[in-house]
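With UniProt numbering as the guide, the letters of the sequence shown map in order to residues 1 to 336.
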Amino acid sequence: MNRALEMEVFAAVVDAGSFVGAGDVLSMSKAAVSRHVDALERRLGVRLMQRTTRRLSLTQEGAGFYHHCKEVLAVMDAAEAEASSKVLEPSGIVRINAPVSFGIRYLTPVWEQLLKRHPKIDIELSLTDRVVDLIDEGVDLCVRIGELTDSSLVSRRFASTKVVAAASPAYLREYGCPQTPDDLRQHQIISYRNWTGPGRDEWAFRPKEGGAWQTVKLASRVFSNSGDPCRQLALSDAGIVFQPDFLIGDDLRAGTLVHVLPEYDYERSELGIYAVYPSRKQLPQKVRALVNLLVESFATVPWARAEDLSAPAVSAPKIAPSSRRTKAATSQEKQP
């Protein structure tokens, strides 16, 4: 039993004035139209129309039922139109999660553009450096940097960033500039705790001109779950930091930080930046609009890329260590 179809057929018969006319409108045979009307009358237990070979006329019950049918069908049409418009026009709340440092620096213009382009979209934004569960926490889209571990999610890469080892000129004057990866063991290291790409305590280096990878285990003096404190400590002459160029590229260009060991590559130093969402099937237009806008917005990255910086800005001064370097090295405390 399809009550909506029976009502639609009955109303079409009344509007067309005949079973044949209703069949033409609904692409049904006259017999099929008649079956639906008969079934409707049996279910209601009342005759809705009088039929003769020459004309149809509504009974009193039929006239009242026809009026209600038109109202119900109009509501159904409006509901379908509203649902279709929401599919075609992005609307509703889009719940977004992004890393703190990246979100504050580079995603605000994206949110502004999304709101301007799509006035029916609202944004619920969460900034955190932990890996959230999109399904459990009801997140529509997450921006993630580095290695992706959940293969059940759909991702689209829209940018990349490169990790750079850097320190302030004052720190390098105080403690000397590392000439080889092994020299890093004698330095104060500032580490980001939430790496999903390169190792947090172990880093692999290889000369740019070629050669074997060399793994160096570093004892960090500082761990942080946010990149901004790491950057600020490096700017304050506290040690050597490993951070992506989206965070410290402008500092390298300005010379307030100096690229350490520029002659070496780091294993997995190139990190992808991804839009991650639960499923590609029936992707809501609000999410699709955001993904497309991210790709568009980062077609050219807005930060200074490490490989594009001039040599003077990224070359560390080769200064002999001062007497305080040994003192600093021996006082390092390994994070428990």
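All C-beta atoms in this analysis are idealised placements derived from N, C-alpha and C, irrespective of residue type, glycine included.
Taking S168 as the reference, give the member of R253, I135, F19 with the closest Cα. Ranking the options by Cα distance to S168, first place goes to R253.
Status (buried if at least 16 other CB within 10 Å, exposed otherwise) for N292: exposed
For the beta strand (DSSP E) holding E124, just list the boundary residues, first then last. 121-127
By a C-beta neighbour count over all protein chains shown, 10 Å radius and 16 as the cutoff for buried, is D77 buried or exposed? exposed
Pick helix, strand or coil for L153, following the three-state DSSP scheme. coil
In the structure shown, what three-state DSSP assignment does D24 receive? helix
Since D245 is in the alpha helix (DSSP H), which residue starts that stretch and which ends it? Note, D245: alpha helix (DSSP H), 245-254.
Within 10 angstroms of its Cβ, does H68 collect 16 or more other Cβ (buried), or is it exposed? exposed
What residue range is occupied by the uninterrupted beta strand (DSSP E) comprising N194? In this chain, N194 is not harboured by any beta strand (DSSP E), its DSSP state being neither H nor E.
Can you tell me where the beta strand (DSSP E) with G272 in it begins and where it stops? 270-277
Which residues in the same chain as G103 place their Cβ atom closer than 8 Å to its Cβ, once the five residues preceding and following it in sequence are excluded? L125, L127, V143
C-alpha gap between P278 and D150, whole angstroms: 10 Å
I need the straight-line Cα distance from L218 to N225, nearest angstrom please. Approximately 17 Å between the Cα atoms of the pair.
Rounded C-beta distance between K30 and V37? I'm assuming under 8 Å. Incorrect: roughly 11 Å between the Cβ atoms, too far for contact.
Residues bridged to C142 by DSSP? N97, V276
Between which two residues does the alpha helix (DSSP H) harbouring V216 extend? Not the alpha helix (DSSP H): V216 falls in the beta strand (DSSP E), residues 214-217.
Hey, would you say I135 sits closer than 7 Å to V94, going by beta carbons? no
In the DSSP assignment, find the alpha helix (DSSP H) that holds A16 and state where it starts and stops. A16 -> alpha helix (DSSP H) spans 3-16.
Using a Cβ-Cβ cutoff of less than 6 Å, which residues in the same chain neighbour W111 once the five nearest sequence positions on both sides are dropped? If we look at W111 and ignore the five residues flanking it on each side, its Cβ neighbours are I123.
Is V291 helix, strand or coil by DSSP? helix
Here's the rule: buried if 16 or more other CB atoms are within 10 angstroms of the residue's CB, otherwise exposed. What is R221? Label assigned to R221: buried.
What do you reckon, are the CB atoms on A165 and G249 nearer than 7 Å? Annotated as distal: A165 and G249, with beta-carbon spacing of 7 Å or more.
Below 7 Å between beta carbons: does that hold for L261 and P207? no
Report the rounded CA-to-CA distance for F158 versus L257, giving the unit in angstroms. 27 Å
Can you name the start and end residues of the beta strand (DSSP E) that V222 belongs to? It spans 220-224 - the beta strand (DSSP E) in which V222 sits, taken as one unbroken run.
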